[in-house]
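Residue numbers for the sequence shown follow our numbering, beginning at 313 and rising by one.
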Amino acid sequence: MNASTPASVPADRHTDAPTGPALLPGATLLVTGAAGVIGRVAVPRLAAAGYRVVATDRAPFDAPAAVASLVGDTRDAAFVDAALRAGRGPDAPAVDGVVHLAAIASPGQVPDDETVAQNVQGAFCVLDGAGRAGVRVAVAASSFSAYGYPWAGRHLSPAYVPVDEAQESVAVDAYALSKLLSEQVGEYVTRRYGLPTTMLRMPFVGSGDRLREWVDLAHRDPGAIRQELWTWLDTRDAVDVVRAILESGVTGHHVVNVAAPDTTSDVPTAELLERFHPGSRVTRPLDGFASVIDTTAVRELFGFVPRHDWRTGDALDPAAEAPAEGVSA
313 MNASTPASVP ADRHTDAPTG PALLPGATLL VTGAAGVIGR VAVPRLAAAG
363 YRVVATDRAP FDAPAAVASL VGDTRDAAFV DAALRAGRGP DAPAVDGVVH
413 LAAIASPGQV PDDETVAQNV QGAFCVLDGA GRAGVRVAVA ASSFSAYGYP
463 WAGRHLSPAY VPVDEAQESV AVDAYALSKL LSEQVGEYVT RRYGLPTTML
513 RMPFVGSGDR LREWVDLAHR DPGAIRQELW TWLDTRDAVD VVRAILESGV
563 TGHHVVNVAA PDTTSDVPTA ELLERFHPGS RVTRPLDGFA SVIDTTAVRE
613 LFGFVPRHDW RTGDALDPAA EAPAEGVSA
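Structure, rendered in structure tokens:
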């Protein structure tokens, strides 16, 4: 398969995707990367929704909402196999679902070869282990960076906007490559074991003060984040889309964009594109502050629409990342 384009996104947007039994609250989930930006919200939020959460990270962490907290490296197949059985031994039944969030989150943290090795090997050990163990569904964090723009180190523009999953990647950085290869791991696992896998191409994820800094930068210097296309996603929505997928019963392998419906900018989207990406072909009107990411697929496949909004102050509230009882996707 060509690594530049997800093979799982045909023109019909999967509106007729087959379905099987869905997970329901009460099921047991393995969440990797539990101490990360999304993970530290995912564990309590999924637990509050009724799931039994087994949490892992590679350094000691605090996750009181988890039924088990395990420290280890997702590149260690033996550790992953134990985590898939919640540390209960090789003969115990596997968890019902996997939420794979562990990864090197951006380039520059480690050398490029380590970025690729850690992200791809981690995805393989977790997803292949899940397939072998008979896990029912897996969701993994990919990245909007898989398209190649954010970390390119040069000015790159989309061929067309809004950017949908069929757009060819122009990746020239190791992090983007690691995400493309991880998506292929998911496709391989689905093909080999029949395990439903969904890879989430998410942009900047944050709420509260973290998001406020991102919004302030977009307002102060929109050119500074032109490669990110002024995109964002509230951390709670990043967790809730996972739950929507787990509970959808949709089978097969999918790569989908997930993003807020608007930008972080106070400049209309059409003006931003004319100024910073004049060569990008506009395939449909982008009125007001509309996002430059097409999220049709995640809506049609999984019925998911982000709920949180920075313009009303909701997503900027410092308490925005606190878990709540009775959350829903």
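C-beta: ideal position from N, C-alpha, C; glycine also.
Fair warning: this is a prediction, and the values are worked out from it, not measured in the lab.
Option nearest residue i by Cα separation, candidates the options
i: D606; options: A464, P470, A453, R524; result: P470
i: F373; options: G384, S577, Y363; result: G384
i: G465; options: L529, Q539, V570; result: Q539
i: T502; options: D546, G443, A377, R400; result: G443
i: T386; options: V410, A378, P376, P402; result: V410
i: T575; options: D599, L558, D552, I557; result: D599
i: L644; options: S454, Y363, V432, S494; result: The first residue shown for the chain is 313 and the last is 641, placing residue 644 beyond what the model contains.
i: Y472; options: D578, V349, L585; result: L585
i: P333; options: V449, A429, A360; result: V449
Same chain, Cβ closer than 8 Å to residue i, neighbours up to 5 away in sequence not counted
i: P427; result: The question names Pro, but residue 427 in the sequence shown is Thr. Here the set comprises I416, P419, Q421, A486, Y487, S490.
i: T331; result: S560, G561, V562, T563
i: A329; result: V562, T563, G564, H566, L613
Expected contact under 8 Å - CB spacing of residue i and residue j to nearest Å
i: V292; j: A354; result: Residue coverage of the chain in this structure runs from 313 to 641, which leaves residue 292 outside it and unanswerable.
i: A544; j: A572; result: Before going on, a small fix: residue 544 reads as Trp here, not Ala. 5 Å between Cβ atoms; contact.
i: L358; j: V551; result: 7 Å
i: S494; j: Y459; result: At roughly 14 Å, the Cβ-Cβ gap does not stay under 8 Å, so S494 and Y459 are not in contact.
i: V447; j: L507; result: 6 Å
i: S603; j: P474; result: 7 Å
i: A556; j: T509; result: So it is not a contact: roughly 15 Å between Cβ atoms.
Spatial neighbours of residue i in its chain, beta-carbon cut-off 6 Å, leaving aside the 5 residues before and after
i: S519; result: D546, T547, A627, A632, E633
i: R524; result: L628
i: V610; result: V568, V570, F616
i: A367; result: V343, A346, V355, A375, A378, S381
Close Cβ partners of residue i (< 7 Å) along its chain, the five nearest in sequence each way excluded
i: P618; result: L545, D546, D549, A572, P573
i: L529; result: A536, I537
i: A389; result: C437, G441
_Closer than 8 Å is the cut-off here; do at least three beta carbon pairs connect the segment 431–446 with the segment 386–396?_
yes
_For the pair the segment 340–355 and the segment 398–411, tell me if three or more CB-CB distances fall below 8 Å._
yes
*Report yes or no: do the segment 616–629 and the segment 528–538 share at least 3 C-beta pairs separated by less than 8 Å?*
no
*Contact the segment 584–602 vs the segment 495–509: 3+ CB pairs below 8 Å*: Counting Cβ pairs under 8 Å, fewer than three are found: no touch.
*Mind pulling the beta strand (DSSP E) runs of 3 or more residues that sit fully within the segment 318–402?*
340–344, 364–369, 380–383
*List in chain order: all unbroken alpha helix (DSSP H) runs of 4+ residues lying wholly within the segment 491–559.*
520–532, 547–558
*asked:* Please give me, in chain order, every unbroken run of the alpha helix (DSSP H) with length at least 4 that falls completely inside the segment 578–621.
replied: 581–588, 608–614
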